[in-house]
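Take a look at the structure below.
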Amino acid sequence: MSTDERESLVGSPIERREDMSLLTGSGEYTNDIDRRNLTHAAILRSPHGRARIEDIDTATAEAMDSVHAVYTGQDVADSDIPNNIQTGWKLPELEEPPQRIMATDTVRYQGEPVAVVVGDTPAQAVDAATAIDVTYEQLPAAVGPSEAADDDAPVVHDEVDDNLAFDWEIGDEASTAEAFESAEYTASIDLTQQRIVPSAMEPRASLADYDSATGELTLWLTTQNPHLHRTLLATQTLGIPESKIRVIAPEVGGGFGNKIYHYPDEAIVSWCSMQLDRPVKWQATRSEDNHAACHSRAHETQGEIALAEDGTIVGIRADTYADMGAYLQFFAPAVPTFMYGCLFPGQYGIPNVHCRVRGTFTNTAPVDAYRGAGRPEATFLVERLVDLGAREAGMDPVELRRQNYIQPEEFPFDNGVGLTYDSGDYEHSLDTALEKVDYEELRERQAELREEGRYLGIGIVGYVEACGIGPSRTADELGSTIGLWESSVVRFNSSGTVTAFCGTSGHGQGHETTFAQIVSDELGVDYEDIEIVEGDTDQTPEGRGYYGSRSGPVGGSAVVSSSRKVVEKARQIAAHQLEVTPKDVEFEDGTFSIAGAPSRAVGIQEIAREAYTGFNLPDGMEPGLEATAFYDPENYTYPFGTHVAVVEVDPESGEVDVQRYVAVDDVGTQINPRVVEGQVHGGVAQGIGQALYEGAEYDETGNLRTDSFENYAVPAADQIPTIETDSTVTPCPHNPLGVKGVGEAGAIASPPAVVNAVVDALEPFGVSHIDMPLTPEAVWTAIHESNGGDD
Ligand code: MCN
């Protein structure tokens with residue numbers, strides 16, 4: 001597409017350029033990569049939730065054909081590397097026991113690495129790992145976030161005898177208690193936000209190639225943030241200089257938060273390569289990833305809402321236990337605190353808010369961010385409470401919401417618990433969604449069907465989330481150890497084409513398309529002449545990667561900044577050639593010209609070619625045409641929206657049929673509406689998965705019952721309804737594109753939309769809440785535990 005055919009590419013729903021290779025199987029994944037002398041690693045993992053390692057006998061494994069080496073945790077411990085994975089979010093008074101890349105004396109979750117075998121083939125390595133004989137003394141395990149805080153709970157780490165990683169609160173407990181005392185109506189909920197296994201299409205993998213001659217390590221890794229991984233490998237685990245490490249993210253097959261973290265596995269594989277001076281590859285199986293990649297959500301919460309007589313929400317409070325698993329992963333302490341408690345008030349102006357969160361260690365896989373990270377939990381809680389409050393006050397849930405919304409003229413809005421929402425129009429979003437579903441007609445139909453013994457439910461959710469987090473200076477105050485800026489280099493090549501190197505690292509979000517749209521608009525260069533490069537620490541500027549839906553608002557803004565710097569240098573060259581001063585030169589659609597003299601004009605690609613010959617540049621100017629920019633956002637951005645689920649529940653079987661799903665999202669200016677829609681679809685599908693199907697379960701010994709897709713139900717395509725999307729546009733006021741993030745919106749809004757709908761359907765049975773996943777059994781049981789068993 002050429003820019004002269006249209007005014008602006010930002011806002012255009014052009015097709016994603018990355019899809020052809022992904023859809024035709026020509027994408028290159030870590031496990032597709034081959035190296036000369038390649039070997040393969042198999043990691044032996046703890047079968048127990050908690051146990052003492054009494055002995056490891058590796059003799060049989062070492063003697064097997066084609067085995068190059070067998071290493072234990074003690075070998076690593078003896079090797080004088082830092083060997084301590086630490087969280088990146090240091091809450092005050094955080095308890096943080098060390099996390100070694102392989103256990104030495106105690107294992108603390110099923111799946112924790114204990115030994116590694118390097119063999120000629122993956123199968124030979126696995127066979128040899130199976131031949132390692134480990135003698136364990138199995139110990140009682142701490143399982144469940146609130147049970148782990150009991151006085152007599154088994155202790156996960158000796159140095160933290162109450163299993164409490166942190167005890168955090170926000171808001172005003174006393175004023176909130178007063179609001180509850182004087183309230184007309186109150187409602188409460190006890191809920192479990194179940195543990196989720198983020199199931200990317202491809203399990204994790206790494207290929208490490210260490211060259212002892214140069215001391216350089218190249219690591220192909222399923223990572224969302226190659227630079228962050230490089231830093232953590234250098235400083236936390238391997239101890240080799242960061243400048244000697246190159247991390248490359250090929251196609252990673254989806255991340256969804258789960259590929260942010262520095263796992264023991266890639267450090268083990270790299271360390272093996274360093275010992276053997278040979279490339280070593282490791283590919284997790286699905287079951288291995290279910291056990292050993294981070295899980296998510298895993299809260300137990302008591303929540304309450306207080307209303308005045310007229311339906312004004314006067315207070316909300318929550319007491320949450322958040323499961324941290326056995327070790328603190330990179331964002332773990334931030335997810336159930338700042339990303340949860342600070343968003344608890346949702347779209348409402350609530351004068352009294354209090355939220356306490358205790359993060360507990362348990363003998364389970366570490367828990368950290370998964371699509372939405374804290375905001376799904378916050379939205380679920382407040383939106384369930386609003387529905388319960390409406391039921392208590394005898395109000396329509398729509399009217400209760402409408403009455404309590406923050407109004408457009410109140411932005412920027414201080415939500416009282418640490419956040420300043422940038423812009424919003426929640427009622428417009430609600431009205432758009434209600435019109436799309438024809439709410440009045442639906443309520444009439446619901447009443448008619450109830451007469452026939454059929455149970456239709458309508459679930460409404462308004463969400464606001466915080467993404468594109470920054471600025472860096474406030475991240476420091478909140479405990480972050482990293483800045484939250486993003487970077488890019490925009491470079492004209494000598495022939496006039498453009499390559500933009502970005503610090504973000506997308507895997508399916510369409511960055512190659514949307515960032516090229518931005519560059520095309522900024523430089524006035526044809527879209528086909530622009531390439532986007534991400535995901536390689538040797539090629540791209542230092543970046544922070546993708547999470548918290550930051551690539552559009554933060555990464556896209558960095559692309560704008562570096563493009564504009566390029567234009568300014570090009571303007572000086574144009575002025576020199578047109579023999580005027582730079583301020584007399586205008587720039588539009590890729591052409592520099594002089595006002596009132598249209599024939600005196602020169603295109604930016606021509607200027608780029610001149611910049612590289614260097615023949616005719618202003619005195620003292622360096623040749624070349626490129627610029628680097630780091631963009632640090634002024635604030636988070638706050639996307640919002642209204643989602644409506646319409647379900648029918650069969651009380652005989654407990655089956656839930658999602659008949660309609662309407663998503664109205666406001667993500668500010670849309671760079672590419674097609675990409676935005678795709679992101680909403682993906683998020684809603686994952687949220688419906690959480691609402692109806694998914695849930696990780698451990699038994700009391702810390703044994704993971706849901707270790708494969710045979711017993712962990714990720715929805716198939718035919719279990720996801722048609723998703724009807726629409727949008728409103730309220731630009732972000734503080735970034736140059738007006739963009740808010742979209743990647744997590746669908747996963748945030750959809751679980752409470754579905755649960756609100758099911759509970760609405762079952763109102764005649766007196767059902768007020770059902771914990772996710774709403775399996776037929778859970779729904780049937782809820783009906784029968786209320787008055788439903790008697791009808
Ligand atoms: N975009 C847009 N207009 C906007 C906002 C964004 O066109 N107003 C575009 C962006 O340019 C980008 C895409 O939408 O191409 C998503 O942008 P953004 O919301 O900024 O999110 P990120 O690119 O930073 O991706 C992260 C987000 C998160 S946190 C998870 S988890 C997630 C998700 O996106 N993981 C994904 N979506 C995913 N989609 C796929 N296919 N795979 C994953 O692993």
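Residue numbers for the sequence shown follow our numbering, beginning at 1 and rising by one. Idealized CB from N, CA, C, for every residue including glycine.
Proximity winner among the options, relative to residue i (alpha-carbon distances)
i, options, result
"Y405", "V314, S488, E486", "V314"
"V155", "D425, R52, D19", "R52"
"V658", "S21, A757, T337, E622", "A757"
"E159", "P203, G111, A129, P97", "P97"
"T362", "Q539, A142, V729", "A142"
"P145", "S296, A782, T30", "S296"
"V644", "I723, Y612, A597, P582", "I723"
"V118", "Y185, A103, C272", "C272"
"E137", "D167, T106, A131, D150", "T106"
"F166", "A153, A149, T176", "A149"
"D32", "R108, K281, I132", "K281"
"R660", "Q719, Y636, E652, S708", "Q719"
"D726", "Q670, P733, D209", "Q670"
"D422", "Q407, L434, G678", "Q407"
"L456", "G468, E622, Y439", "Y439"
"Q193", "A691, L233, D760, M102", "A691"
"A183", "K569, A153, D120, E392", "E392"
"E441", "V646, A153, A685, V675", "V646"
"E15", "I688, G687, V675, A685", "V675"
Beta strand (DSSP E) segment containing residue i, residue limits
i, result
"A475", "Run containing A475: none in the beta strand (DSSP E); it sits in the alpha helix (DSSP H), 472 to 478."
"E304", "296 to 307"
"V10", "No beta strand (DSSP E) holds V10; DSSP gives it neither H nor E."
"V658", "656 to 666"
"S188", "185 to 196"
"L164", "164 to 171"
"C355", "353 to 361"
"K436", "Note, K436: premise wrong, no beta strand (DSSP E); alpha helix (DSSP H) at 426 to 437."
"R571", "Taken as a continuous stretch (DSSP letters only), R571 belongs to no beta strand (DSSP E), being part of the alpha helix (DSSP H) at 556 to 578."
"V767", "No beta strand (DSSP E) holds V767; DSSP gives it neither H nor E."
"P250", "P250 -> no beta strand (DSSP E), and no H or E assigned at all."
Residues of its chain near residue i, where Cβ-Cβ distance is below 7 Å and the 5 sequence neighbours each way are ignored
i, result
"S786", "F765, G766, V767"
"N703", "G49, Q110"
"Q86", "E96, Q236"
"Q329", "T87, Y261, C294, P366, D368"
"T728", "D425, H428, S429, T432, V664, D666"
"P582", "R571, Q572, A575"
Residue interval of the alpha helix (DSSP H) (run including residue i)
i, result
"Q74", "73 to 77"
"S287", "286 to 292"
"K583", "Neither: K583 is in no alpha helix (DSSP H) and is coded neither H nor E."
"G459", "First-last for G459: 455 to 464, but that is the beta strand (DSSP E), not the alpha helix (DSSP H)."
"Q275", "264 to 276"
"F515", "511 to 523"
"L400", "397 to 404"
"M102", "Neither: M102 is in no alpha helix (DSSP H) and is coded neither H nor E."
"E54", "From DSSP, E54 is part of no alpha helix (DSSP H) but of the beta strand (DSSP E) over 51 to 57."
Distance between beta carbons of residue j and residue i, contact taken as under 8 Å
i, j, result
"V437", "V662", "5 Å"
"G695", "D666", "That belief does not hold up - the Cβ atoms of G695 and D666 are roughly 31 Å apart, past 8 Å."
"C355", "A298", "Rounded, the Cβ-Cβ distance is 17 Å, inconsistent with contact."
"R204", "K259", "7 Å"
"G741", "P553", "5 Å"
"E744", "S549", "5 Å"
Sequence-distant residues of the same chain with beta carbon closer than 6 Å to residue i, five excluded per side
i, result
"L478", "F338"
"G389", "A187, I305, L307"
"I132", "L44, T58, A61, A115"
"G239", "I81, P82"
"A608", "F492, G496, L625"
"I783", "P651, F765"
Minimum Cβ-Cβ distance from residue i to chain B less than 8 Å
i, result
"E648", "Note that chain B does not occur in the displayed structure, where there is just one protein chain."
Cut-off 8 Å between Cβ atoms - residues of its own chain near residue i, not counting five sequence neighbours on either side
i, result
"D19", "none"
"R17", "E512, T513, A516"
"E588", "G524"
"S287", "D707, S708"
"G254", "A200, M201, E202, H507, G508"
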